[in-house]
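Colleague: As they're listed, the protein sequences go chains A and B.
Under the numbering used here, the first residue of the first sequence is numbered 2, with each subsequent residue one higher.
Under the numbering used here, the first residue of the second sequence is numbered 2, with each subsequent residue one higher.
There are 2 protein chains.
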Amino acid sequence: MNQEIIKKLSLKNDAKIIMVVIDGLGGIPGKDGKTELETAQTPNIDQLAKKSICGLSYPLSISITPGSGPAHLALFGYDPFKYEIGRGLLEALGVDFSLESGDLAARGNFATINEEGSITDRRAGRISTENNAKICKLLQGITIKEIKVIVSPIKEHRFLIVFRGTGLIDKISESDPQKVGLPALEVRSLDPKADYTAEIVNRFVEIAKERLKEAYPANMVLLRGFASNIKLPTMQEIYKLNPCAIATYPMYKGIARLVGMEAIESGETLEDQIKVLRENYQNYDFFYLHIKKTDSYGEDGNFDKKVAVIEEFDSLLPKILNIEPEVIVVTGDHSTPSMLLGHSWHSVPTLIYSKYVRCDQVNKFSENSCISGGLGKFKALEIMPLALANALKLAKFGA
Amino acid sequence: MNQEIIKKLSLKNDAKIIMVVIDGLGGIPGKDGKTELETAQTPNIDQLAKKSICGLSYPLSISITPGSGPAHLALFGYDPFKYEIGRGLLEALGVDFSLESGDLAARGNFATINEEGSITDRRAGRISTENNAKICKLLQGITIKEIKVIVSPIKEHRFLIVFRGTGLIDKISESDPQKVGLPALEVRSLDPKADYTAEIVNRFVEIAKERLKEAYPANMVLLRGFASNIKLPTMQEIYKLNPCAIATYPMYKGIARLVGMEAIESGETLEDQIKVLRENYQNYDFFYLHIKKTDSYGEDGNFDKKVAVIEEFDSLLPKILNIEPEVIVVTGDHSTPSMLLGHSWHSVPTLIYSKYVRCDQVNKFSENSCISGGLGKFKALEIMPLALANALKLAKFGA
Numbered sequence: 002m003n004q005e006i007i008k009k010l011s012l013k014n015d016a017k018i019i020m021v022v023i024d025g026l027g028g029i030p031g032k033d034g035k036t037e038l039e040t041a042q043t044p045n046i047d048q049l050a051k052k053s054i055c056g057l058s059y060p061l062s063i064s065i066t067p068g069s070g071p072a073h074l075a076l077f078g079y080d081p082f083k084y085e086i087g088r089g090l091l092e093a094l095g096v097d098f099s100l101e102s103g104d105l106a107a108r109g110n111f112a113t114i115n116e117e118g119s120i121t122d123r124r125a126g127r128i129s130t131e132n133n134a135k136i137c138k139l140l141q142g143i144t145i146k147e148i149k150v151i152v153s154p155i156k157e158h159r160f161l162i163v164f165r166g167t168g169l170i171d172k173i174s175e176s177d178p179q180k181v182g183l184p185a186l187e188v189r190s191l192d193p194k195a196d197y198t199a200e201i202v203n204r205f206v207e208i209a210k211e212r213l214k215e216a217y218p219a220n221m222v223l224l225r226g227f228a229s230n231i232k233l234p235t236m237q238e239i240y241k242l243n244p245c246a247i248a249t250y251p252m253y254k255g256i257a258r259l260v261g262m263e264a265i266e267s268g269e270t271l272e273d274q275i276k277v278l279r280e281n282y283q284n285y286d287f288f289y290l291h292i293k294k295t296d297s298y299g300e301d302g303n304f305d306k307k308v309a310v311i312e313e314f315d316s317l318l319p320k321i322l323n324i325e326p327e328v329i330v331v332t333g334d335h336s337t338p339s340m341l342l343g344h345s346w347h348s349v350p351t352l353i354y355s356k357y358v359r360c361d362q363v364n365k366f367s368e369n370s371c372i373s374g375g376l377g378k379f380k381a382l383e384i385m386p387l388a389l390a391n392a393l394k395l396a397k398f399g400a
Numbered sequence: 002m003n004q005e006i007i008k009k010l011s012l013k014n015d016a017k018i019i020m021v022v023i024d025g026l027g028g029i030p031g032k033d034g035k036t037e038l039e040t041a042q043t044p045n046i047d048q049l050a051k052k053s054i055c056g057l058s059y060p061l062s063i064s065i066t067p068g069s070g071p072a073h074l075a076l077f078g079y080d081p082f083k084y085e086i087g088r089g090l091l092e093a094l095g096v097d098f099s100l101e102s103g104d105l106a107a108r109g110n111f112a113t114i115n116e117e118g119s120i121t122d123r124r125a126g127r128i129s130t131e132n133n134a135k136i137c138k139l140l141q142g143i144t145i146k147e148i149k150v151i152v153s154p155i156k157e158h159r160f161l162i163v164f165r166g167t168g169l170i171d172k173i174s175e176s177d178p179q180k181v182g183l184p185a186l187e188v189r190s191l192d193p194k195a196d197y198t199a200e201i202v203n204r205f206v207e208i209a210k211e212r213l214k215e216a217y218p219a220n221m222v223l224l225r226g227f228a229s230n231i232k233l234p235t236m237q238e239i240y241k242l243n244p245c246a247i248a249t250y251p252m253y254k255g256i257a258r259l260v261g262m263e264a265i266e267s268g269e270t271l272e273d274q275i276k277v278l279r280e281n282y283q284n285y286d287f288f289y290l291h292i293k294k295t296d297s298y299g300e301d302g303n304f305d306k307k308v309a310v311i312e313e314f315d316s317l318l319p320k321i322l323n324i325e326p327e328v329i330v331v332t333g334d335h336s337t338p339s340m341l342l343g344h345s346w347h348s349v350p351t352l353i354y355s356k357y358v359r360c361d362q363v364n365k366f367s368e369n370s371c372i373s374g375g376l377g378k379f380k381a382l383e384i385m386p387l388a389l390a391n392a393l394k395l396a397k398f399g400a
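#1: I need the DSSP call for B/Val-277, collapsed to helix, strand or coil.
#2: Taking only the alpha-carbon atoms, compute the straight-line gap between A/Lys-52 and A/Gln-362 and give it to the nearest angstrom.
#3: Name the two residues that bound the continuous beta strand (DSSP E) containing B/Asp-122.
#4: Taking only beta carbons into account, state which residues of the segment 340-374 of chain B come closer than 9 Å to chain A, listed in chain order.
#5: If you check the beta carbons only, do A/Met-385 and A/Gly-78 fall under 8 Å apart?
#6: So, at 6 Å on beta carbons, what are the nonlocal neighbours of A/Gly-302 in its own chain, with the 5 sequence-adjacent residues on each side left out?
#7: Give me, in chain order, the residues of the same chain whose beta-carbon lies closer than 8 Å to that of B/Thr-332; leave out the 5 immediate sequence neighbours on both sides.
#8: From what residue to what residue does the alpha helix (DSSP H) around B/Leu-10 run?
#9: Short check: CB of A/Ile-173 to CB of A/Lys-194, under 8 Å?
#10: What does the alpha-carbon distance come out to for the pair B/Asp-334 and B/Ser-69?
#11: In or out: B/Pro-319 buried (at least 16 other Cβ within 10 Å) or exposed?
#12: Among A/Ser-336, A/Ile-329, A/Lys-365, which residue has its Cα nearest to the Cα of A/Tyr-357?
#13: From which residue to which residue does the beta strand (DSSP E) around B/Ala-134 run?
#14: For the segment 113-129 of chain B against the segment 218-225 of chain B, are there 3 or more C-beta pairs whose distance is under 8 Å?
#15: If you run the structure through DSSP and keep just helix, strand and coil, what is B/Gly-89?
#16: If we cut at 8 Å on Cβ distances, does A/Glu-5 have a partner in chain B?
#17: Give the straight-line distance between the Cα atoms of A/Thr-295 and A/Glu-37, rounded to the nearest whole angstrom.
#18: Per DSSP, what are the beta-bridge partners of A/Leu-352 in this structure?
#19: In chain order, what residues of the same chain have a beta carbon less than 6 Å from the beta carbon of A/Asn-243, not counting five sequence neighbours either side?
#20: Report yes or no: do three or more beta-carbon pairs, one from the segment 35-50 of chain A and one from the segment 264-273 of chain A, lie closer than 8 Å?
#21: Mapping the DSSP letters down to three states, classify B/Gly-255 as helix, strand or coil.
#22: Would you please verify whether the beta carbon of B/Ser-58 is less than 8 Å from any beta carbon of chain A?
#23: Please classify A/Leu-242: does DSSP put it in a helix, a strand, or coil?
#24: Could you spell out the range, first to last residue, of the alpha helix (DSSP H) harbouring B/Gly-343?
#25: Let's see if you can read the secondary structure: which residues bound the alpha helix (DSSP H) around B/Ala-309?
#26: Does any C-beta atom of chain D lie closer than 8 Å to the C-beta of A/Ala-309?
#27: Given this structure, state the Cα-to-Cα distance separating A/Phe-227 from A/Gly-89, to the nearest angstrom.
#28: With a cut-off of 8 Å, does the C-beta of A/Glu-1 fall near any C-beta of chain B?
#29: Return the residue from the list B/Lys-394, B/Met-262, B/Leu-139 that minimises the CA-CA distance to B/Glu-211.
#30: Quick one: is A/Leu-49 near chain B, going by C-beta distance under 8 Å?
#31: I think B/Asn-115 touches B/Arg-124, with their Cβ atoms under 8 Å apart; what is that distance to the nearest whole Å?
#32: With 8 Å set as the bound, which would you pick, yes or no: does the beta-carbon of B/Arg-88 sit closer than that to a beta-carbon of chain A?
#33: For A/Ala-107, which option in A/Gly-118, A/Thr-113, A/Glu-117, A/Leu-94 has the closest C-alpha, if you only look at C-alpha atoms?
#34: For A/Ala-106, does the three-state DSSP call read helix, strand or coil?
#35: What are the partner residues of A/Thr-270, as DSSP defines its beta bridges?
#36: Can you give me the C-alpha to C-alpha distance between B/Leu-61 and A/Ala-390, rounded to a whole angstrom?
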């Protein structure tokens, strides 16, 4: 549903919504013909499914494998095709970097060049993270015209670079040629308005090359994924909610902050997270609870451990249920089938519980049983409006 | 489906379509775990469902609770987000007022103000409808510049006001501050093109205040819900149909007229309505039969009476079936669960019968059984094109 219409209809009331996002929840059948979720013993989720309306949600659309950014935007009700989160921005979110309005972020690699300036290693021999931090210090304090440049280490040869100041636009080409044997590319402006930005970035690369002369093998920088910080309308503005995120990984906190959530200190384990949820229950009316490890094990191809994380959540679910929130959503941001070792396009089992839900006949929470759920197959973008409707937070459209 | 395409494909033939709209049909489970429709004994509808294709229709979209206006527009195949029917227009339709092109309608309240001009009662002590009619006479015959003002009593303190003439635009603010202790607001133009309209309306309010000086407690008017009369393409133009409405409540007749239907005299009871349908069967090829009381009882929270109205319709259904129309649609404009005492966002059981329908396995007409219907979950906006297709009134698209 169009977010502008939702904004006009949204109402403030005391009802609370808990959205549990089990990252990479969906699977495809493994050797026993069952997915991870179908293999897991989940008596508590199944019990909740019985009192809920279920269905299969498409993260973005029926055929598209989403990244974490767009998948989460959709879950929060933001059209992921309208609001694109560039790679540089995601890197910044991922290291909990506090971006300011107008910032231009990019992903950087330390690389090795030879005397002719040709790249011999795009990753500078995968230098250690400690080494990376030391080399980043060599690039501190650079200001070009009015633009401040901030370089912040990530893992191994990777760093985040942020250009801060006015007049920066992300319509520029990348400096990383993605191949060895070539020199780093000059950054080109892809839009007349971005000429100034290209000039600044190219000047930075020159300075960096100079300063890194003695830092072999990390004697060059390659930049890509330029992305301007985007300003999204907040969940407060659109939904009149007071939302918080209970996530343990920085990137998810970052995406949540992008839509106006407060990312509260959430501990490390799922048990910690649920404790934090209970302790903060009076302070917010929307809770995004993010469970990461299902996705991590899916990406590792570890079927059994993904099953175990789902079972761990199931065992802790009663601690959420007994605070009696008005609305509970259990879903995933996308599927991460262990067999595929990565995100996939498959639909995601989803349930919505409220007192006002028209429950269906689904009494097991799984890919297969959700096929016959009352929600059918639907877009993840609709989950947030549905949660609001079930919390009686949406007024009638028209008279 | 896009109405422009439907218009290009629509064909005239002799087939007849009966669309039965059971207002507020859908429900949510009550204390016995069943909805009103699931509780009702409906052998005749169930028998029809067996020979039909069934599904669950979303009145506007999966999460939105519709008003009666947009919900009916969607059923008649008009995009409810494209054509908005303002409150004033609905009031006019509701009292069977014959609007002309260019008219600006609004809802009015008689109110009480004190000597300082502050509102002390927004409803003038809910004066009687008789009194209202008398006071409306005090406001007769007002013409401002070229604009004629028509004031027509509704119930108690409510009236309809229509400004008739050229150059009126509904982009103006309301005069009703929705609070006591404040004076009536001056109407402001929300668009430069509406400056003239605002001027006329404000002048009217001045005149009315003067004329009502001695009419305490109804010594002031408050105006809201300004709406220009919209001109919709008719069902004749788009579908090449000759449609009629068999409805007992003025508002539904009004909406039907808005799309070009003839609203024929329909008696008072459902039995009357079906008699009228049979008597007029040769004169039209599309029949909109509106059953109101399911919604009324839903809004009253009267589960059992809503069940009884559904059962009454079921008992009369054979009188529709035995005239053997080519296509029968049974649906609702939205859900009105007794538990919610009002319209809701829930999907609506819908069946389409024709000789050419691909029937599914649904053999009971209910929310739960329609989940597995051949139409799945779909938008109410598609019902009208589906009815036309089943009447063989839509040509092939492309060669």
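For each residue, glycine too, the CB sits at the ideal point set by N, CA and C.
Treat the numbers as computed from the prediction; the structure is a model and nothing was measured.
Modeller: By the coordinates alone:
#1: Here B/Val-277 sits in helix by DSSP.
#2: If I take the Cα positions, the gap works out to 9 Å.
#3: First-last of the beta strand (DSSP E) with B/Asp-122: 120-122.
#4: Under the 9 Å Cβ criterion, the segment 340-374 of chain B contributes Met-340, Leu-341, Gly-343, His-344, Ser-345, Trp-346, His-347, Ser-348, Glu-368, Asn-369, Ile-372, Ser-373.
#5: Yes. Within cutoff.
#6: Non-local beta-carbon contacts of A/Gly-302 in its own chain, meaning distances under 6 Å to residues more than five positions away in sequence, involve Ser-339, Leu-342 in chain order.
#7: Closer than 8 Å at the Cβ level, and outside the excluded window around B/Thr-332, lie Met-20, Val-21, Val-22, Ile-23, Leu-26, Ser-58, Leu-76, Val-349, Pro-350, Thr-351, Leu-352, Ala-381, Ile-384.
#8: Looking at the DSSP string, the run of the alpha helix (DSSP H) that includes B/Leu-10 is 4-10.
#9: For the 8 Å CB-CB criterion, A/Ile-173 and A/Lys-194 do not form a contact.
#10: Straight-line Cα distance between these residues: approximately 7 Å.
#11: Counting the other Cβ atoms within 10 Å of the Cβ of B/Pro-319 gives fewer than 16, which makes it exposed.
#12: Here the closest residue by C-alpha is A/Ile-329.
#13: Bounds of any beta strand (DSSP E) do not take in B/Ala-134; it lies within the alpha helix (DSSP H) bounded by 130-139.
#14: Three or more pairs of CB atoms, one per stretch, sit closer than 8 Å, so the segment 113-129 of chain B contacts the segment 218-225 of chain B.
#15: In the structure shown, B/Gly-89 sits in a helix (DSSP, three-state: H, G or I).
#16: Residue contact with chain B for A/Glu-5: absent (no Cβ-Cβ distance below 8 Å to any residue of chain B).
#17: Rounded to whole angstroms, A/Thr-295 and A/Glu-37 show a C-alpha spacing of 9 Å.
#18: Answer is A/Cys-55, A/Val-331, bridged to A/Leu-352.
#19: Within the same chain, Tyr-285, Asp-286 come within 6 Å of A/Asn-243 by CB-CB distance, once the 5 residues on both sides are set aside.
#20: No: the two stretches stay apart, fewer than three of their Cβ pairs being nearer than 8 Å.
#21: Look at B/Gly-255 here: in three-state DSSP terms it is helix.
#22: False, the Cβ-Cβ gap to chain A never drops below 8 Å.
#23: In this structure, A/Leu-242 counts as coil in the three-state DSSP scheme.
#24: Per DSSP, B/Gly-343 belongs to no alpha helix (DSSP H) and is neither H nor E.
#25: Taken as a continuous stretch (DSSP letters only), the alpha helix (DSSP H) holding B/Ala-309 covers 304-322.
#26: Among the protein chains of the structure shown, namely A and B, there is no chain D.
#27: Approximately 5 Å between the Cα atoms of the pair.
#28: The requested residue 1 of chain A does not occur in the structure, where chain A is confined to residues 2 to 400.
#29: When only C-alpha atoms are compared, the closest one is B/Leu-139.
#30: So, not an interface residue.
#31: With a contact defined as Cβ atoms closer than 8 Å, B/Asn-115 and B/Arg-124 miss out at about 15 Å.
#32: Yes, B/Arg-88 lies at the interface with chain A (some Cβ there is under 8 Å from its Cβ).
#33: Closest option to A/Ala-107, Cα to Cα, is A/Leu-94.
#34: In the structure shown, A/Ala-106 sits in a strand (DSSP, three-state: E or B).
#35: According to DSSP, which records beta bridges pairwise, A/Thr-270 is partnered with nothing at all.
#36: Straight-line Cα distance between these residues: approximately 13 Å.
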